[in-house]
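To start, the structure itself, in structure tokens.
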Amino acid sequence: MVKKQTNITELGHLQELIEQVAKLRDRQAFSSLFEHYAPLLKSYSLARDPGAYLVADELVQEVLIKVWNKAHLYDAGKANPNTWIFTLARNCRIDYLRRNGRFGNEVTSEDIFDHIEDEQSGPFEQTLQKKTSQQVQNGLGKLPAEQAQVLRKIYMEGKTQQEAALELSLPLGTVKSRIRLALQKLEIIIRGSEK
166 MVKKQTNITE LGHLQELIEQ VAKLRDRQAF SSLFEHYAPL LKSYSLARDP
216 GAYLVADELV QEVLIKVWNK AHLYDAGKAN PNTWIFTLAR NCRIDYLRRN
266 GRFGNEVTSE DIFDHIEDEQ SGPFEQTLQK KTSQQVQNGL GKLPAEQAQV
316 LRKIYMEGKT QQEAALELSL PLGTVKSRIR LALQKLEIII RGSEK
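Residue 166 is where the sequence shown starts when you use the numbering used here, and the numbers rise one by one after that.
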């Protein structure tokens, strides 16, 4: 079983896999990236749009195709593999929403910042990312323990919803409800901290 929690050694290995895809078009390296990131990307997509399983699968495929096609653009000096791939995921999600008319005229400045490619990441984007990360960490501390625990399992340990349910001995529906409620509360907490 692939270990989902990312540590420094694993980040180095993921960087090497991306480099092998970029330089050698190594299918085995890509397969390893796929095995590692597909469940994480699916969880990311479902957390943003619960119940959209078909969309989640499409977005996973689209992101990983971009990884194959854009691996040569990855710069380890600008971002770690997780940051780069999840930036691609945000961009794909926004493109999908635009293509399907779900944004309409309601594109926010946050959506625009989310859509900036990592290749253009500069000090401003890095500072914004650090601030957001700190807000999320602070927000997690203000959530009920059971909701924070589920978010940590999914987003920090990279577990699927099913894996989290098994580990916590909870029904899958309970895990999904806790994720939804936690994300709603986290958004309110973060918005409140920005005022």
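All C-beta atoms in this analysis are idealised placements derived from N, C-alpha and C, irrespective of residue type, glycine included.
Residue i to residue j, Cα distance in whole Å?
| i | j | result |
| --- | --- | --- |
| residue 174 | residue 180 | 10 angstroms |
| residue 340 | residue 200 | 23 angstroms |
| residue 256 | residue 228 | 9 angstroms |
| residue 210 | residue 235 | 21 angstroms |
| residue 356 | residue 304 | 10 angstroms |
| residue 176 | residue 262 | 30 angstroms |
| residue 206 | residue 252 | 11 angstroms |
| residue 299 | residue 230 | 31 angstroms |
| residue 308 | residue 190 | 44 angstroms |
| residue 188 | residue 302 | 36 angstroms |
| residue 239 | residue 184 | 8 angstroms |
| residue 224 | residue 244 | 21 angstroms |
| residue 344 | residue 178 | 30 angstroms |
| residue 182 | residue 195 | 7 angstroms |
| residue 329 | residue 237 | 34 angstroms |
| residue 198 | residue 232 | 9 angstroms |
| residue 186 | residue 317 | 30 angstroms |
| residue 248 | residue 322 | 15 angstroms |
| residue 332 | residue 193 | 30 angstroms |
| residue 264 | residue 222 | 16 angstroms |
| residue 315 | residue 246 | 24 angstroms |
| residue 342 | residue 306 | 19 angstroms |
| residue 351 | residue 220 | 24 angstroms |
| residue 242 | residue 254 | 20 angstroms |
| residue 325 | residue 349 | 19 angstroms |
| residue 226 | residue 204 | 11 angstroms |
In the DSSP assignment, the alpha helix (DSSP H) including residue i goes from what residue to what residue?
| i | result |
| --- | --- |
| residue 247 | 246-264 |
| residue 331 | 326-333 |
| residue 311 | 310-316 |
Throw me the rounded Cβ distance for the residue i and residue j pair, which I believe falls under 8 angstroms.
| i | j | result |
| --- | --- | --- |
| residue 202 | residue 250 | 6 angstroms |
| residue 335 | residue 327 | Actually they are not in contact, since the Cβ atoms of residue 335 and residue 327 sit about 11 angstroms apart, beyond 8 angstroms. |
| residue 208 | residue 319 | 5 angstroms |
| residue 347 | residue 310 | At roughly 11 angstroms, the Cβ-Cβ gap does not stay under 8 angstroms, so residue 347 and residue 310 are not in contact. |
Does the Cβ of residue i lie closer than 7 angstroms to at least one heavy atom of the ligand FMN?
| i | result |
| --- | --- |
| residue 253 | This structure lacks the ligand FMN; in fact it carries no ligand of any kind. |
- prompt: Curious, which full-length alpha helix (DSSP H) runs of at least 4 residues does the region 180-225 contain?
  reply: 192-213
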